[in-house]
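Here the sequence shown stands for residues 1 to 868, numbered as in the UniProt record's numbering. For glycine and all other residues, C-beta sits at the position ideal for the given N, C-alpha and C. This structure is a prediction, so every number in the text was calculated from the model and none was measured. Single-structure report; data block below.
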Amino acid sequence: MAHTPQAKYRKDYQSPSHTISDIDLTFDLYDSASIVTAISSVKQEKDSATLVLDGEGLKLVSVLVEGNEWTQYQQSETQLTLNDLPKEFTLTIVTEVNPEGNSALEGLYKSGGAFCTQCEAEGFRRITYYMDRPDVLAKFTTTVIADKAENPFLLSNGNRVDEGEAENGRHWVKWQDPHPKPAYLFALVAGDFDVLRDAYTTQSGRKVDLEIFVDKGNLDRANHAMVSLINSMKWDEERFNLEYDLDIYMIVAVDFFNMGAMENKGLNVFNSKFVLANDQTATDTDYLGIEAVIGHEYFHNWTGNRVTCRDWFQLSLKEGLTVFRDQEFSSDLGSRAVNRINNVRMIRGPQFAEDASPMSHPIRPEKVIEMNNFYTLTVYEKGSEVIRMIHTLLGEDGFQKGMKLYFERHDGTAATCEDFVAAMEDASGVDLSQFRLWYSQSGTPTLSVESHYDAENKQYTLTTRQLTAPTHEQTEKQALHIPLDIELYTASGDVVELQCNGKPVHNVLDVKEAEQTFVFENVSEQPIPSLLREFSAPVKLEYDYSDEELIFLMVNARNEFSRWDAGQMLLAKYIRSNVEKVQQGQAFELSDSVVDAFRGVLLSDSLEPAFIAEMLSLPSHNEVSGWYERVDIDAVASVLNSMKVTLAAELEDELAAVYHSNALTEYTIDHDSIGKRTLRKVCLSYLAHTEQGNDLVVAMYQQANNMTDTMAAMGAANSAQLPCRETLMADYSDKWKHDGLVMDKWFALQGTNPSSNALEVIKASMSHQAFSLKNPNRIRNLVGSFLNMNPVQFHDKSGQGYEFAGEILRELNSSNPQVASRLIDPLLKFRKYDDERQALIKKELETLKGMDKLAKDLFEKVTKALEA
Numbered sequence: 001m002a003h004t005p006q007a008k009y010r011k012d013y014q015s016p017s018h019t020i021s022d023i024d025l026t027f028d029l030y031d032s033a034s035i036v037t038a039i040s041s042v043k044q045e046k047d048s049a050t051l052v053l054d055g056e057g058l059k060l061v062s063v064l065v066e067g068n069e070w071t072q073y074q075q076s077e078t079q080l081t082l083n084d085l086p087k088e089f090t091l092t093i094v095t096e097v098n099p100e101g102n103s104a105l106e107g108l109y110k111s112g113g114a115f116c117t118q119c120e121a122e123g124f125r126r127i128t129y130y131m132d133r134p135d136v137l138a139k140f141t142t143t144v145i146a147d148k149a150e151n152p153f154l155l156s157n158g159n160r161v162d163e164g165e166a167e168n169g170r171h172w173v174k175w176q177d178p179h180p181k182p183a184y185l186f187a188l189v190a191g192d193f194d195v196l197r198d199a200y201t202t203q204s205g206r207k208v209d210l211e212i213f214v215d216k217g218n219l220d221r222a223n224h225a226m227v228s229l230i231n232s233m234k235w236d237e238e239r240f241n242l243e244y245d246l247d248i249y250m251i252v253a254v255d256f257f258n259m260g261a262m263e264n265k266g267l268n269v270f271n272s273k274f275v276l277a278n279d280q281t282a283t284d285t286d287y288l289g290i291e292a293v294i295g296h297e298y299f300h301n302w303t304g305n306r307v308t309c310r311d312w313f314q315l316s317l318k319e320g321l322t323v324f325r326d327q328e329f330s331s332d333l334g335s336r337a338v339n340r341i342n343n344v345r346m347i348r349g350p351q352f353a354e355d356a357s358p359m360s361h362p363i364r365p366e367k368v369i370e371m372n373n374f375y376t377l378t379v380y381e382k383g384s385e386v387i388r389m390i391h392t393l394l395g396e397d398g399f400q401k402g403m404k405l406y407f408e409r410h411d412g413t414a415a416t417c418e419d420f421v422a423a424m425e426d427a428s429g430v431d432l433s434q435f436r437l438w439y440s441q442s443g444t445p446t447l448s449v450e451s452h453y454d455a456e457n458k459q460y461t462l463t464t465r466q467l468t469a470p471t472h473e474q475t476e477k478q479a480l481h482i483p484l485d486i487e488l489y490t491a492s493g494d495v496v497e498l499q500c501n502g503k504p505v506h507n508v509l510d511v512k513e514a515e516q517t518f519v520f521e522n523v524s525e526q527p528i529p530s531l532l533r534e535f536s537a538p539v540k541l542e543y544d545y546s547d548e549e550l551i552f553l554m555v556n557a558r559n560e561f562s563r564w565d566a567g568q569m570l571l572a573k574y575i576r577s578n579v580e581k582v583q584q585g586q587a588f589e590l591s592d593s594v595v596d597a598f599r600g601v602l603l604s605d606s607l608e609p610a611f612i613a614e615m616l617s618l619p620s621h622n623e624v625s626g627w628y629e630r631v632d633i634d635a636v637a638s639v640l641n642s643m644k645v646t647l648a649a650e651l652e653d654e655l656a657a658v659y660h661s662n663a664l665t666e667y668t669i670d671h672d673s674i675g676k677r678t679l680r681k682v683c684l685s686y687l688a689h690t691e692q693g694n695d696l697v698v699a700m701y702q703q704a705n706n707m708t709d710t711m712a713a714m715g716a717a718n719s720a721q722l723p724c725r726e727t728l729m730a731d732y733s734d735k736w737k738h739d740g741l742v743m744d745k746w747f748a749l750q751g752t753n754p755s756s757n758a759l760e761v762i763k764a765s766m767s768h769q770a771f772s773l774k775n776p777n778r779i780r781n782l783v784g785s786f787l788n789m790n791p792v793q794f795h796d797k798s799g800q801g802y803e804f805a806g807e808i809l810r811e812l813n814s815s816n817p818q819v820a821s822r823l824i825d826p827l828l829k830f831r832k833y834d835d836e837r838q839a840l841i842k843k844e845l846e847t848l849k850g851m852d853k854l855a856k857d858l859f860e861k862v863t864k865a866l867e868a
């Protein structure tokens with residue numbers, strides 16, 4: 001590479017040299033040459049007459065200061081430096097950009113026939129030269145001019161204040177956002193859409209117009225998004241006393257989008273995947289995903305927009321907090337236990353893997369080359385777990401007091417993670433000084449627990465030991481403040497009251513030392529401990545449970561999450577032991593007591609169907625791989641398959657009975673119906689491995705009156721490689737080939753096809769009329785699912801999977817490096833594999849590193865992986 005990208009460090013933060021109070025933008029939109037005029041009111045804040053503005057890929061037309069042409073500037077590939085400036089001035093900059101040629105989908109680009117923007121994290125600099133940093137907050141006024149026939153809707157942030165006709169069949173609309181915001185929250189959309197309209201009256205009696213813009217013909221697929229938006233607004237008022245602050249709230253669904261959605265003030269731009277749904281095109285999982293993401297972006301209005309980040313190292317300030325809020329929203333509206341299980345699966349699988357990878361970083365990173373690389377599971381999901389731990393330590397009342405103080409102190413400003421923790425601490429009186437290490441320390445702590453019962457003195461002792469292994473670029477680790485939620489049970493299933501020093505104690509233990517002992521008194525018999533209830537901290541728990549103790553907890557734990565977790569620990573014991581057996585050439589074994597335990601779960605009439613489905617779901621290959629420093633990919637796959645086949649054979653009659661008894665005639669989106677469909681899907685995934693599997697799958701596919709059942713059948717046919725697979729896949733493709741979003745499900749199945757010719761099938765699928773390497777959704781579903789969710793075929797010892805990944809990454813490096821950077825993650829963990837595979841992956845990484853123009857998105861990850 002001719003130029004080595006340089007890292008930025010959190011410790012080097014400096015406040016801006018200038019502030020911008022107002023910016024007036026005018027967009028004259030044309031496909032390949034849009035003119036952007038930016039008029040800013042600038043004030044010098046430091047003793048410097050030099051102003052450095054960010055800009056990339058721009059054609060500079062003119063620079064004016066106080067209305068006069070300004071020639072005292074230097075221009076580079078990434079900056080415009082203005083010299084000899086007055087202390088206060090009006091700056092006018094005119095730039096030209098090419099939306100049609102913008103395949104990176106950052107800044108201003110075309111999605112289908114519409115103009116749209118994506119400015120977080122640093123996309124605004126691709127629109128005009130500006131102080132593109134989150135601590136520069138300005139009031140935006142935006143005028144959009146475009147062809148009226150092609151773009152009847154012209155949208156931007158804030159409230160619509162004026163509109164009119166222009167020459168040559170063009171028109172204009174003026175928008176004003178009264179709330180100061182950083183440039184990353186700017187948005188513009190221009191195009192022709194169908195619009196779903198509704199209204200919401202806030203708790204103070206203000207009417208807010210709600211508008212969802214979708215491609216023509218998709219109006220019937222926007223209703224669930226509108227319901228989710230209204231539910232979000234109501235929930236945020238009821239749970240957090242937070243009310244919306246503009247006259248209008250708009251959502252636009254676009255097909256070409258790098259992320260899931262974007263919380264731009266008053267004008268959310270969404271990946272159409274998280275807006276469009278009806279029973280024929282979307283699964284229950286899609287419906288729930290839409291509800292969660294609509295909620296997430298709406299909740300950002302306060303946690304992200306009203307209080308934003310001082311710098312991008314503080315990203316978890318808004319994202320960790322808002323993920324926590326959207327998880328609580330989903331839990332309050334649905335099943336808290338099922339939502340918690342799904343959240344924890346995300347942490348234990350891909351997030352723990354990220355913690356153990358060369359890209360390991362704290363939730364508040366210290367060093368960044370490309371900010372887009374830090375929109376990670378660590379910053380978002382682990383960040384949410386850190387917020388949840390604060391909630392656990394403070395309780396709901398204390399947490400709400402902390403939120404109130406946080407907004408009182410920081411509304412309308414750019415804040416830091418420290419500001420948030422300080423507000424929580426000051427409002428509650430709880431000491432969080434040691435807890436702050438969660439923000440600065442990377443990696444996954446291992447919490448080992450040992451117990452001892454003293455029958456003579458009726459004392460029960462728990463000894464905890466915590467250890468965080470060294471991570472890339474951070475070798476020294478300190479003891480963390482870990483909230484450990486526990487419960488003790490008698491043999492009859494009664495809960496033991498916790499007492500220390502003659503007084504009742506809370507069930508959340510404050511683990512703060514490398515080694516710590518907790519002694520409980522008046523314990524009349526040897527108890528069975530339920531540890532890390534609700535996954536009270538993002539740690540790996542080690543405790544030597546017997547099979548009998550785990551089966552006891554599966555039945556008797558009061559907390560549903562603890563029941564599920566006991567089942568997962570029981571499965572984990574047998575997965576680990578059988579991996580060793582496979583490696584030694586021995587046969588797979590599963591004890592009758594384990595089979596009976598899962599039979600009991602399956603036939604329970606006291607558990608909800610959705611929860612039974614979770615109890616019966618095996619850990620993923622990725623999660624199991626995370627248990628090992630060096631993983632035997634083929635042995636893990638063999639054991640997981642044997643476990644499924646064995647349970648299917650042993651429980652076939654019960655699985656079939658539950659499968660048939662949970663059939664529904666009508667499709668409705670409610671908690672109970674979703675649970676029954678989910679349980680049927682899980683039962684079918686087992687039954688697919690029995691003799692009746694093919695007939696059951698074909699019958700379900702043919703009788704399905706909704707996409708959830710259709711995909712349950714196709715998923716079972718795909719994973720079990722049933723004879724009907726090709727027929728079902730062909731029928732689905734023939735029906736939906738003109739709808740890319742619906743075809744994404746088909747592409748994902750092709751990507752996870754476990755057959756030995758998977759790569760051949762995937763390459764053929766790239767020629768499908770619905771596929772395009774320019775569309776991030778298509779890439780994620782076909783290529784991404786192969787790299788991330790098809791371990792045996794991707795890691796085939798021929799190295800063909802790695803070569804294929806390298807080819808795709810090299811192509812995307814120039815067209816969409818942000819998507820390329822997401823795809824490369826499975827290659828970064830190459831040191832987990834055997835020497836042969838390591839060499840093959842390393843070869844692809846070295847080839848990437850040697851490219852002349854390797855994007856900094858990829859450069860950062862490739863160099864870290866090779867250095868680790």
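Cutoff 6 angstroms; reference residue i; Cβ partners in own chain excluding five residues on either side
| i | result |
| --- | --- |
| D31 | E100 |
| A566 | L550, L553 and M554 |
| L728 | Y701, M714 and A717 |
| T471 | S360, S442 and G443 |
8 angstroms Cβ cutoff met for residue i and residue j
| i | j | result |
| --- | --- | --- |
| V379 | W438 | no |
| V296 | V323 | In the sequence on display, residue 296 carries His and not Val. Against a cut-off of 8 angstroms, the Cβ pair of V323 and H296 comes out as a contact. |
| F520 | Q466 | no |
| D255 | S111 | yes |
| L25 | A49 | no |
| S756 | A716 | no |
| L137 | P178 | no |
| H621 | L640 | yes |
| F140 | G191 | no |
| I612 | S604 | yes |
| N305 | K273 | no |
| A187 | N151 | no |
Buried or exposed by the 16-neighbour rule on C-beta atoms within 10 Å, applied to residue i
| i | result |
| --- | --- |
| R822 | buried |
| H689 | buried |
| K745 | buried |
| D431 | exposed |
| P365 | buried |
| D857 | buried |
| H3 | exposed |
Close Cβ partners of residue i (< 7 angstroms) along its chain, the five nearest in sequence each way excluded
| i | result |
| --- | --- |
| Q769 | K737 |
Neighbourhood of residue i by C-beta, 8 angstroms cutoff - its chain only, sequence neighbours within 5 removed
| i | result |
| --- | --- |
| P826 | L787, N788, F794 and A805 |
3-residue-minimum beta strand (DSSP E) runs that sit fully inside the region 267 to 315, ordered along the chain: 267 to 271 and 307 to 309
In chain order, which continuous runs of the alpha helix (DSSP H) of length 4 or greater are located wholly inside the region 411 to 449? 417 to 428 and 437 to 440
Cβ contact check for the region 705 to 717 and the region 266 to 285: 3 or more pairs under 8 angstroms: yes
At least three beta-carbon pairs within less than 8 angstroms, the region 198 to 211 to the region 240 to 255: yes
Which runs of the alpha helix (DSSP H) fall wholly inside the region 584 to 639 and span at least 4 residues, in chain order? 592 to 602, 609 to 616 and 621 to 625
I'd like to know if the region 775 to 787 and the region 742 to 758 are in contact, where contact means that at least 3 CB-CB pairs between them fall below 8 angstroms. yes
Runs of beta strand (DSSP E) wholly within the UniProt domain "Aminopeptidase N-like N-terminal" (41 to 185) (minimum 3 residues, chain order): 51 to 54, 59 to 65, 73 to 75, 79 to 82, 88 to 97, 107 to 111, 114 to 118, 139 to 147, 153 to 156, 159 to 165 and 170 to 176
When you compare the region 423 to 430 with the region 518 to 537, are there three or more beta-carbon pairs, one atom per stretch, that lie closer than 8 angstroms? no
Okay, do the region 38 to 45 and the region 104 to 123 touch, 3+ Cβ pairs below 8 angstroms being the bar? no
Per the contact definition of three or more C-beta pairs closer than 8 angstroms, is the region 531 to 548 in contact with the region 313 to 323? no
If you pair each beta-carbon of the region 640 to 657 with each one of the region 669 to 678, do three or more pairs fall below 8 angstroms? no
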